Every structure is written in structure tokens, then in C-alpha cells.
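Numbering (the UniProt record's numbering), first residue to last: 1 to 689.
Each remark here refers to the structure printed beneath this line.
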Amino acid sequence: MRDPRYDILFEPVKIGPVTAKNRFYQVPHCNGGGYRDPSAAAEMRRIKSEGGWGVIFTEQTEMHHTSEITPFIELRLWDDADIPALARMAKAMHQHGALAGIQLAYSGINGPNLYTKEVPRGPSALPIRTFTNDPVQARAMDKQDIRDLRRWHRNAFKRAKLAGFDLVCLYGAHGFGIIQHFLSTATNQRNDEYGGSLENRSRLMRELIEEGRDAIGDTCGLTLRLSLDEMIGDLGFANSEVRDMIEMHADLPDLWDLAHGAWEDCSGPSRFKEEAAQESLVSGIKTLTSKPVVGVGRFTSPDVMVRMIKSGTLDFIGCARPSIADPFLPKKVEEGRIEDIRECIGCNICITGDMTMSISRCTQNPTFMEEWRKGWHPERMQAKGDSDSVLIVGAGPAGLEAARALGLRGYQAAIAEAGTELGGRVARECRLPGLSAWGRVRDYRQYQLSQMPNVDIYFESRLSAQNILAFGFQNIALATGSYWRRDGVARAHVVPMPIDPAMPVYTPDDLMAGSVPTGNIVLFDDDHYYMGGVLAELMARNGAKVTLVTPSAYVSDWTRNTLEQGAIHRRLAGLGVEIVLNRTVTRIVPGGVATACAYTGAERDIAADAVVLVTSRQQDDAVWRDLKARRDEWADNGIRSIKVIGDAEAPGPIAWATYAGHRFARELDEHDIGDALPFRREVTALAAE
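Listed below in C-alpha cells is the structure:
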């Protein structure tokens with residue numbers, strides 16, 4: 001039964017000629033599938049329709065071949081051949097009553113056209129602005145180019161309508177869309193009727209919307225997505241000018257979809273952005289227009305959502321990452337099951353799928369993008385197989401997810417945890433600066449397990465191979481985790497580095513256990529994800545003088561894929577951390593470290609009182625090795641299977657661990673598929689010769 005205080009979230013709201021059944025609005029978001037995996041992307045959106053979302057959008061959809069963003073994999077609507085795949089997606093969105101929306105993008109100076117080899121076009125002649133700094137420039141559009149662009153948009157509107165969409169969104173946010181490029185004086189340096197004054201710079205926007213409305217008629221709504229503030233100084237399209245522009249064109253689109261700055265500003269991780277972080281930028285805009293307003297802010301709390309509506313800040317609650325972490329968020333609110341919501345932890349691992357051109361993952365929801373490929377439903381599991389019992393050794397993210405999913409299948413499961421708390425690495429890492437939201441990985445699963453009478457948890461239960469053999473469980477999952485190496489082995493050193501025994505050497509495990517060194521500290525980061533930067537911050541805040549040395553050209557290099565690398569560098573620099581890039585620690589010597597340039601080998605010593613090695617992890621698989629040596633005893637002890645999962649098999653990000661636990665639970669007692677692929681894929685059909 002729904003709590004009455006949330007009733008306002010389920011009120012229907014009109015968007016032009018169509019009506020959303022509630023205020024839950026899944027804004028456009030990437031997924032790593034795009035044109036390559038259209039059925040996987042369509043089924044992912046269908047699941048959200050089943051989960052109760054009132055509005056569901058595609059990701060950025062390239063509307064013309066003269067503006068594409070290869071190597072990134074998004075949807076395409078270049079010609080009629082793209083309609084069937086998009087029609088499948090629109091049909092999936094409609095299945096449970098959601099409005100189906102498509103976001104049309106002409107990327108302008110963000111489109112390097114590496115696939116089509118077309119010359120990019122923008123308001124002014126400027127270098128292409130991409131994540132990869134492509135050595136390509138756009139030419140300035142002339143009047144004929146603008147007429148062509150308007151015609152291409154009309155064609156795309158008509159195709160979108162043919163595909164069955166209820167809403168068409170023009171993309172002018174995050175620096176990615178041609179409308180923003182014309183609106184911003186940073187990218188529009190024209191001196192004709194499309195440049196100069198705000199009225200002139202918004203001319204193209206007006207033309208596209210007015211002509212788009214004529215193209216799609218009175219059965220589709222037309223929305224506009226804009227950045228709330230480019231955050232690039234005087235030349236940028238600032239929040240004050242955004243407000244002037246909205247007031248100037250108050251009722252032009254059927255809905256204003258507002259998102260902060262560049263993508264990294266808008267989708268900043270929880271380490272740097274709180275829930276509803278964009279509230280101040282969007283507050284008051286609703287008074288400037290009679291049309292509904294949607295905004296985002298990693299909304300996970302229904303109470304915050306209600307506040308945003310009742311305060312007059314928003315009409316719709318825009319969600320991307322929260323809709324990935326829990327596609328059934330609206331339904332759980334409606335059914336009074338708030339405690340069952342899988343809250344987004346803001347780790348941005350979902351975004352890495354787009355950035356690495358691969359199928360996206362979610363730390364909280366291991367079924368994301370596996371709904372079609374593997375037939376995994378986020379809320380339902382198949383019934384158990386012909387065995388009955390499972391012992392899970394270790395209560396980290398892999399073990400907890402395995403237990404939760406096995407419990408849903410109906411197995412009698414037991415977790416044996418060597419320590420005194422659940423969560424494993426998550427329990428330790430969520431105590432580090434900025435990572436408290438990551439504790440939701442443990443908290444969600446802990447609550448779910450507490451509701452399952454068929455799952456038992458035993459603390460202070462470090463098990464040996466003999467213990468496991470004697471217990472009588474039919475299936476064993478070894479989720480014993482991993483530990484950080486203290487010998488420096490990673491990428492720069494594939495064998496242990498020379499270490500003077502008199503020098504104090506720490507690992508992340510030491511710091512997370514409370515041994516935080518002070519004084520003059522060298523941290524060597526050859527892991528390149530978040531841990532090195534987080535520990536440097538921890539020590540700096542504890543009073544240490546920290547020098548971070550990394551062989552990469554960036555601090556926390558891989559976090560460029562989570563949109564936080566720049567924020568990490570700024571924070572460490574602000575804390576006084578000395579950042580040494582492109583250098584490798586070659587050995588730890590008395591009084592410090594010896595380093596070498598990653599390119600030339602030029603050597604330089606750096607003084608230190610202690611060294612922190614953030615290099616690689618070693619799987620904790622001693623019990624597995626003992627059990628493997630006694631394989632001939634398994635059957636006699638009633639054991640059908642033993643499987644190593646998560647970090648105990650191969651260390652990786654937390655999302656890899658929850659996926660491994662879920663996969664173990666899904667596949668237990670299922671038939672052996674042999675050499676067949678464990679997922680479905682779509683293969684390009686050959687054209688006629």
C-alpha cells in the first residue's frame with residue numbers, strides 16, 4: 001500500500017498533446033549497446049516500463065550521418081533502415097503504459113565523423129571537442145548548411161513518429177548538441193542573424209522546434225534538453241542567460257529538460273555530488289514558463305522527490321542512474337516497498353560502458369543490459385534446480401549477491417563470514433573519504449537477506465577445506481575475496497620490485513584497517529582506478545605530506561571513464577598533494593624511493609618516511625587450492641560443485657563481484673551449455689552482393 005505522502009509522484013502530467021501517467025521520468029541515458037545491440041537496449045527499456053516509469057527515453061540518437069561520434073556507440077536514425085530497431089524499442093517502452101521518447105542529436109563540434117568521413121559542421125570553425133581530442137576541425141555552417149540542417153531535422157521528426165514515439169527531444173545539453181553550440185558564445189562566434197545577441201543565437205532552436213511541431217503534428221510532444229550552466233566562464237552559456245532564454249521562449253517546447261553543464265558536471269559520482277545537487281541551478285525556472293520542467297540529480301529518496309515537486313522546483317523527477325540501479329523504483333514506491341529499492345551508489349560504473357564502447361554494467365543491478373542477452377529479470381529468478389543447499393564462504397559483494405539471488409530461487413543457503421560484519425571490501429571502502437554511498441551495496445543485500453528464512457549467516461566462521469568437506473552442503477561458492485599486494489607487482493612491475501626492508505611499506509588494506517601513516521609519504525599508484533586518489537586524500541586530510549607517483553599521464557587514469565578524473569586531480573591539488581605523472585617507482589630505498597621517467601628512464605629519487613603501494617590485488621584462494629587438491633573427496637562428502645567467484649577468482653571492480661555472485665546463482669543446477677555462447681547477440685546481416 002502506497003504511503004499517501006508519495007501520492008503527488010503518481011499524478012498524471014500533460015506534455016503537450018500526450019499525458020504521462022506519473023512523474024517518474026527516465027531521462028535519456030547511454031548503455032553501451034546502441035546500434036550494435038538494439039534488442040538488448042530495447043528489452044532494458046521494456047523492463048523499465050514494467051517497473052512503472054511514466055516516461056522512458058532512448059539514449060542520444062544520431063539523426064544524420066554528417067554528425068556522428070564514433071568510437072562511441074549510440075543509436076542512429078540516419079535513414080529509414082534505422083526505423084525498425086527504434087520501433088521495437090518504442091513498442092517495448094509502451095508495453096506497460098509509459099510514454100516513449102527519443103532524443104535526437106546533431107553533435108556539431110562534438111561529432112568527429114570518424115566512421116562516415118564527412119566534414120563536421122558547427123556554428124563556427126573550431127576544433128572538434130571530444131573526449132579523445134581528435135585532430136579534426138569543424139567548418140562554419142553557411143546559410144545553405146543551416147537550411148539543410150533544418151530539413152534533416154524535419155526528416156528525423158517524421159521518422160521518429162513512424163517508429164511510434166510519443167515524445168521527441170532535441171538535445172542541447174552537456175556540450176553535445178548543435179542547439180547548445182549555437183546558444184553558447186564559446187562556440188558561436190557568428191556575426192549574422194544566427195550569432196551575437198541571445199535572440200539571434202536562439203534562432204536555430206526556435207526554427208527547429210517550430211518546424212518540428214509541423215512535422216510531427218499534434219500527436220507527439222516536443223521537448224528540449226538544455227544545460228543549466230556550461231560552467232566555462234564568461235564565454236559560456238551561463239545559468240543567468242539560460243533563464244533569460246527560457247523566459248524569452250517560455251512556451252516554445254512542450255517541456256523543458258534541464259541538466260547541469262558538461263556530462264561530468266551533470267553525472268558527477270557520489271564522491272563529488274550529493275543527491276539533488278542541481279537544485280540551486282534549476283530553482284525558480286518553473287516560474288518562467290507554463291510548460292512542465294524536468295531535472296535530474298541522482299534522485300534515490302522518494303522524500304527528496306516529493307520535496308522537489310511540492311517546492312515548485314520540478315514537475316517531473318528525472319532519473320538516469322537511479323533507473324539503472326533499480327528499474328522498478330516507481331513500482332516499489334507505489335507498492336509501499338521503499339526498503340526494497342536498490343539505491344544507486346553513484347559509482348558511475350554504468351557510464352564506463354559508453355566510454356569503453358562496451359555493454360554497460362551496474363554495481364547494484366547485475367541484470368542491467370542482460371535482460372535480453374541472458375534473459376535476466378531484475379526482480380525475478382527461476383525456481384531452484386534439483387539440489388537443495390549452498391554454502392557461501394565470504395560475505396563480500398559477490399557472496400552477498402549470490403546468497404540473495406539463491407534465496408529468491410528457493411535454495412537453503414548459508415553464509416560463513418570470517419569477520420564480524422557483512423560487506424567484505426565494501427564495508428571497508430565505504431569508510432574512505434567520499435565513498436559512504438557505496439555502503440548501499442551491503443545495506444540493500446543485508447536487508448533482503450534478513451527477510452529470507454532460507455538464508456542463514458554465521459560470523460567469525462573462518463573455514464578450512466576440512467570444515468567445508470564435513471558440513472554436507474551440496475554446492476559451495478568460495479567468495480573469499482582478495483588482498484592488496486605489498487611487493488609492487490602490477491603493470492610497471494610484473495615481478496616484485498626491490499624493497500629495502502627498513503622502509504615502512506603500507507598497502508590499502510593497512511590504511512583501511514586504521515594504520516594511516518603520517519609524515520612525508522610517497523604513494524605509488526599503478527592501479528589507476530579510485531583507490532590511489534582516495535588514499536592520498538585520506539592521508540592528506542590526516543596531516544601527511546603526500547607525493548602521488550604514477551606511470552600514467554593522469555591521476556587515477558581509469559576514472560576518466562567514470563567522469564571524475566578531473567575532480568580527483570583538483571581535489572588532491574587543493575589538499576596540497578604533490579602529483580608526479582609519467583614516473584614509475586623502480587625500487588624502494590633507504591629514506592625514500594627511486595623513480596624513472598616512464599618514457600626516457602631518467603632517474604630521480606624522492607625522499608619519504610614511508611611508502612604506500614597501490615598496485616594490484618592477490619586473490620585469497622588458499623581454501624580453494626586445498627579443496628582442489630582433495631577433489632576425489634568431494635562426492636563422498638555429498639558435494640556436487642565448488643565454484644570460486646568474485647575477487648577470489650580474479651580481482652576487479654565491485655560491479656564485477658556482484659555480477660559474478662548473481663551469475664553463480666542464476667547458473668546453479670542449470671544444464672551444461674558446452675561451448676555455446678552464454679548470451680545472445682545480434683549479428684549484422686550481409687547485404688546483397
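Backbone N, C-alpha and C fix where the C-beta goes; we use that ideal spot for every residue, glycine too.
From a predicted model like this one, the values you see are computed outputs, not experimental measurements.
Reduced DSSP secondary structure (H/G/I, E/B, other) of residue i
| i | result |
| --- | --- |
| Trp152 | helix |
| Ala173 | coil |
| Gln619 | strand |
| Tyr35 | helix |
| Asn393 | Checking the displayed sequence, the identity of residue 393 turns out to be Val instead of Asn. Strand, per DSSP. |
| Thr61 | strand |
| Thr352 | helix |
| Tyr483 | strand |
| Pro496 | coil |
| Trp256 | strand |
| Val18 | strand |
| residue 704 | A question about residue 704 goes unanswered here, because the residues of the chain that appear run from 1 up to 689. |
| Asn113 | coil |
| residue 692 | In the structure as shown, the chain begins at 1 and stops at 689. Residue 692 is therefore absent and cannot be evaluated. |
| Glu334 | helix |
| residue 698 | The structure shown does not extend to residue 698, since the chain spans only 1 to 689, so no value can be given for it. |
| Phe368 | coil |
| Lys374 | coil |
| Asp626 | helix |
| Tyr659 | helix |
| Asn467 | helix |
| Asn561 | helix |
| Glu11 | coil |
| Phe524 | strand |
| Ile345 | coil |
| Asp82 | helix |
Burial state of residue i (16 or more Cβ within 10 Å)
| i | result |
| --- | --- |
| Gly108 | buried |
| Phe328 | buried |
| Pro38 | buried |
| Thr66 | buried |
| Asn113 | buried |
| Ser197 | exposed |
| Tyr25 | buried |
| Met357 | exposed |
| Asn239 | buried |
| Gly111 | buried |
| Gly671 | Residue identity check: residue 671 is His in the sequence provided, not Gly. Its Cβ having fewer than 16 others within 10 Å, His671 is exposed. |
| Thr518 | exposed |
| Leu228 | buried |
| Arg488 | Just to set this straight, residue 488 is Gly in the shown sequence, not Arg. Under this definition Gly488 is a buried residue. |
| Asn542 | exposed |
Contact under 8 Å by Cβ, residue i with residue j
| i | j | result |
| --- | --- | --- |
| Ala655 | Thr187 | no |
| Ile645 | Gln474 | no |
| Val505 | Arg491 | no |
| Gly394 | Gly481 | yes |
| Thr58 | Gln103 | yes |
| Asp315 | Arg23 | yes |
| Val294 | Ile216 | no |
| Thr550 | Tyr530 | no |
| Leu288 | Ile15 | no |
| Met539 | Ile521 | yes |
| Gly496 | Leu535 | Reading the sequence as shown, one finds Pro at residue 496 and not Gly. Going by C-beta atoms, Pro496 is not nearer than 8 Å to Leu535. |
| Pro17 | Gly346 | no |
| Asp354 | Phe72 | yes |
| Thr615 | Ala596 | no |
| Pro453 | Glu537 | no |
| Met369 | Gly51 | no |
| Arg625 | Asp647 | no |
Cβ distance (whole Å) where residue i is taken to contact residue j below 8 Å
| i | j | result |
| --- | --- | --- |
| Leu149 | Gln137 | About 18 Å; that fails the 8 Å criterion. |
| Asp265 | Met308 | With 8 Å as the limit, Asp265 and Met308 do not qualify as a contact, their Cβ atoms being about 19 Å apart. |
| Ile415 | Ala403 | 5 Å |
| Ala398 | Thr658 | 7 Å |
| Pro269 | Thr300 | The Cβ separation is near 13 Å, so there is no contact. |
| Leu75 | Tyr35 | 6 Å |
| Ile285 | Arg243 | 6 Å |
Closer than 7 Å: residue i CB and nearest the ligand FMN heavy atom
| i | result |
| --- | --- |
| Ala544 | No copy of the ligand FMN appears in this structure; indeed no ligand is present at all. |
Any C-beta of chain B under 8 Å from that of residue i
| i | result |
| --- | --- |
| Ala403 | Included in the structure is just one protein chain, with no chain B present. |
For the stretch 556-564 against the stretch 446-465, do three or more pairs of beta-carbon atoms, one drawn from each stretch, fall closer than 8 Å, so that the two count as touching?
They do not touch, by the three-pair rule.
Does the structure place the stretch 60-74 close enough to the stretch 5-24 that three or more beta carbon pairs sit under 8 Å?
Cβ pair count under 8 Å is below three, so no.
Taking three-plus beta-carbon pairs below 8 Å as touching, is the stretch 93-100 in contact with the stretch 173-182?
The stretch 93-100 is not in contact with the stretch 173-182.
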